[in-house]
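This note's numbering puts the sequence shown at residues 457 to 1156.
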Amino acid sequence: MAFPFDIPTAQHDLGSQLSYEFYLKKGYQFGVQVIQNIGPLGLLNYPNIYTGLYEYQKIIYTFINLLLTIRMIFFASHDISSQTGRTVHFVVILLTSLTWGGFLLTGGSYVFLVLSAQYLFSTAKKKTILSESVSIFEIFLMINLSILMMAKTMYSVIVLILVVSLFLLRISEKRFAETFILCSVFFASFIFFWISSAQTLDTLPRYMMSIFLFTDGYNEFAARYEKPLYFWGAMSVWAVILLNIILRLGDLISNKFRLGMILSQTFIFFAMWKHGFVRADGQHMQVFFRPILALFPLILLGYSNELTNTKNKIMRYFRTATYPVKQSPDTCVDSPGCSSPTATHNKVRHDISWVTRYHFGQFFIVITIGFVYSMSIDLPNHTIRVSEGFRYVIVDRAINNISFVLDLRRNMNKQGVKYQESAENVKASIPTIIKTVGQATVDFFGSNPGIPLLGDLNYHPRPMPIAFAATNEHILEMNRKFFVSARTATKFVMLPDATPVMQDNLAFVEILLRYFPVVIENRIILLRRREDQHMADAFKFNDTVIGKKFRLGEWVPIIYKENSFSRMKINGKYSKLGKVVSFLYKPPRNYIDFKFKDDNIVSVNYFMSTGKTNFLVVPFLKDEKLLRFLKDRKVTKDMLPVQFRLVVEKEKQSYYNSDEFSVDYQNSDNFLPMLDWQSSLWAMPPPSTLPPTPVSASSF
């Protein structure tokens, strides 16, 4: 169970929990189009926030988590003989439920996965509606697991391992009908949610491939689809995972060999830590625990399989206690040694030793992973201390959750007021833009898509709507085609003038060629799609010009043609350390400095997905330069950088081979004649009336 004790803000670069929550409450007035922006090609990142059975998925998640928690608590009355054991069971489950914060995948959904696994791996028979071995509750669990398959690919990996392990386990027990039903429900619901998110079936294989390749990047399935750099590394990881699944499904190896495997994996993780592959601060902690997160269902399966398969296995691995049970006539039928209704027999029942080993094995692993992983998220850029982390993650979070529940109505009302205030703020900031767009489709070419959503606009984004997350040629090309096609392109584009537009450069060029400015308000430029597209259709970049090799920190001249668009593509090579960090977490963020003729230097950040990055370097359009360019349709000298250099923080320089960088360029023909709109169509207010800062998520 997780409670949103923090009032969400609109600062998230993927659209913000705040804006989506408010938009969902408006009733999906634009139908399936609003689902597209939270689908796998868009912003489907945190299932408890954005996704699911439309507006009600969060409620369903919380309800099922509650049922699972209650079931696990009262399950103790049947399987644990001593009062002490029941108390231990209750406390462990309660702490697990209370120490997760916020409706985040790493919180409530993670506990949902754990408790779902507990239930699904149980061999207890339940009353059913579909067969003698499948309960309606299991059906609901498989549906919710299928929703989680559409989340970040790393968590899709966890779900996939969990589901495959479950199917293999039940097949090994010759429960074929049950396996078929659960498998059908899982994949049918997954395909249903995929299609209902405005996705097409032809993109599904790419998404599945991204799961198998452990896609990095901002939840975009295509981030590694462009000839993955670590394909064989990903295949090696899956080989280890599949081997573990097979080994845990039977007695194919001895306990000594299994212990050796565990110790060897522990040694590998320790070596990574010791040699600086990970550090105990902020996001880098996730580098260490991502493999553990991916393998946790295997650990869970190892326990569950050996504890629930047969009574003999339980007796072999754990101490048990026997006690006499008086038989009733109903339970005495065909029971060996039972000759009368008053006869007794010895029944196996687990004592406190079983409870201690089982729960302090299984739950200690889960809580430990969640504890450290939560610290890595909640204590960014801070040296983690166990005592401080325990207080912050366990004590403070539990207190916040409890206090939220005790005053639930007031807190929920406060959330609603916050939503309304933010929406009114946006509507008051850009009323002309909202009136001009009406119910037409609009894309937001910036980092805060919460703005069109809170403004009740029909937000219809390109496949990867965050510019800095368009990290490779495949994603860039998808975004470009979005604006080329009349079927997918939006009628309007909102363009904040302060947005660094250089990274999603192919899409940005198409916007300049195919749209013209109609309104500027609060330093947000509204552009409308042109009727005549033939000149834009003829535009193309010329062949690549090979540049020079350079080192980190070295100033490199920029090659460009006059009055042309110039793309700069930088190719780098990760060191062994950089490959590990990029593969297990994501490419590190660095900086690139651009120098102009007046020696003015402008710095922007960048990511190198698979060792590559690219920019629209000429014309250099940022802040007021973009306004002047759209107004005058001219390239001035302050839009022409003459040199650049790569800047990497000192502690990250070991991620790269500093002498293995190169730069290439692509130039276009003269594009200025294509910008033939009439300036009178652009109602630009006097500069004195422009506010000093643009409307952004941080304003709300």
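Virtual Cβ for every residue (Gly too), placed ideally from N, Cα, C. Note that this is a predicted model, so its numbers are computed, not measured.
N-terminal and C-terminal residue of the beta strand (DSSP E) that residue i is part of
{"i": "Thr1000", "result": "997–1006"}
{"i": "Asn961", "result": "Counting along the chain, Asn961 falls outside any beta strand (DSSP E), though it belongs to the alpha helix (DSSP H) covering 961–970."}
{"i": "Thr897", "result": "897–900"}
{"i": "Arg1023", "result": "1022–1027"}
{"i": "Met950", "result": "948–952"}
{"i": "Leu657", "result": "Looking at the DSSP string, Leu657 is not in any beta strand (DSSP E), and its letter there is neither H nor E."}
{"i": "Lys1051", "result": "1045–1051"}
{"i": "Asp1120", "result": "1117–1124"}
{"i": "Ile980", "result": "980–985"}
{"i": "Gln1099", "result": "1099–1103"}
Distance between beta carbons of residue j and residue i, contact taken as under 8 Å
{"i": "Asn1019", "j": "Asn1126", "result": "5 Å"}
{"i": "Leu1196", "j": "Phe948", "result": "In the structure as shown, the chain begins at 457 and stops at 1156. Residue 1196 is therefore absent and cannot be evaluated."}
{"i": "Arg970", "j": "Gln1122", "result": "The pair is not a contact, with the Cβ atoms about 19 Å apart (cut-off 8 Å)."}
{"i": "Tyr1112", "j": "Leu1008", "result": "7 Å"}
{"i": "Leu1072", "j": "Phe1021", "result": "6 Å"}
{"i": "Phe901", "j": "Ile967", "result": "7 Å"}
{"i": "Asp912", "j": "Thr946", "result": "That pair is no contact at about 16 Å."}
{"i": "Leu601", "j": "Val615", "result": "5 Å"}
{"i": "Met1130", "j": "Ala942", "result": "Not quite, the Cβ-Cβ distance comes to about 18 Å (not below 8 Å), so this is no contact."}
{"i": "Val1119", "j": "Lys1004", "result": "7 Å"}
{"i": "Pro908", "j": "Met950", "result": "6 Å"}
{"i": "Ser1124", "j": "Phe938", "result": "Contact doesn't hold; Cβ gap of about 20 Å is too wide."}
{"i": "Val641", "j": "Met605", "result": "That belief does not hold up - the Cβ atoms of Val641 and Met605 are roughly 13 Å apart, past 8 Å."}
Element boundaries [alpha helix (DSSP H), containing residue i]
{"i": "Ser1084", "result": "The sequence shown places Arg at residue 1084, rather than the Ser named in the question. Residues 1080–1088."}
{"i": "Pro887", "result": "887–893"}
{"i": "Met991", "result": "990–993"}
Residue i classed as buried or exposed, judged by whether at least 16 other C-beta atoms fall within 10 angstroms
{"i": "His731", "result": "In this prediction, His731 has a pLDDT of 37, which is less than 50 and means its spatial position is unreliable; nothing more can be read from the coordinates."}
{"i": "Arg1045", "result": "exposed"}
{"i": "Asn978", "result": "buried"}
{"i": "Phe1006", "result": "buried"}
{"i": "Phe1163", "result": "No answer is possible for residue 1163: the residues shown for the chain start at 457 and end at 1156."}
{"i": "Ile981", "result": "buried"}
{"i": "Thr1000", "result": "exposed"}
{"i": "Asn935", "result": "buried"}
{"i": "His916", "result": "buried"}
{"i": "Asn914", "result": "buried"}
{"i": "Arg626", "result": "buried"}
{"i": "Asn1056", "result": "exposed"}
{"i": "Pro973", "result": "buried"}
{"i": "Tyr1030", "result": "buried"}
{"i": "Gly1028", "result": "buried"}
{"i": "Leu962", "result": "buried"}
{"i": "Leu1102", "result": "buried"}
{"i": "Tyr1062", "result": "buried"}
{"i": "Asp960", "result": "buried"}
{"i": "Tyr884", "result": "Here residue 884 turns out to be Ala, not Tyr, going by the sequence shown. With fewer than 16 other Cβ atoms within 10 Å, it is exposed."}
{"i": "Ile1026", "result": "buried"}
{"i": "Thr635", "result": "buried"}
{"i": "Ile1002", "result": "exposed"}
{"i": "Arg918", "result": "buried"}
{"i": "Ala879", "result": "buried"}
{"i": "Leu657", "result": "exposed"}
{"i": "Ala679", "result": "Below a pLDDT of 50, predicted positions are generally treated as unreliable, and Ala679, at 35, falls in that range; the measurement from the model is reported next regardless. With 16 or more Cβ atoms within 10 Å of its Cβ, Ala679 is classed as buried."}
{"i": "Glu877", "result": "exposed"}
{"i": "Pro661", "result": "exposed"}
{"i": "Phe646", "result": "buried"}
{"i": "Thr507", "result": "Here Thr507 scores only 32 on pLDDT, less than 50, and its place in the model should not be relied on; the value that follows carries that caveat. Per the 10 Å Cβ criterion, buried."}
{"i": "Thr1092", "result": "exposed"}
{"i": "Phe1157", "result": "Residue numbering for the chain in the displayed model covers 457 to 1156; residue 1157 lies beyond these limits and cannot be assessed."}
{"i": "Leu622", "result": "buried"}
{"i": "Glu1107", "result": "exposed"}
{"i": "Val1074", "result": "buried"}
{"i": "Phe1076", "result": "buried"}
Using a Cβ distance threshold of 8 Å, determine whether the segment 1051–1058 contacts the segment 1085–1103, with at least three qualifying pairs required. The segment 1051–1058 vs the segment 1085–1103: in contact.
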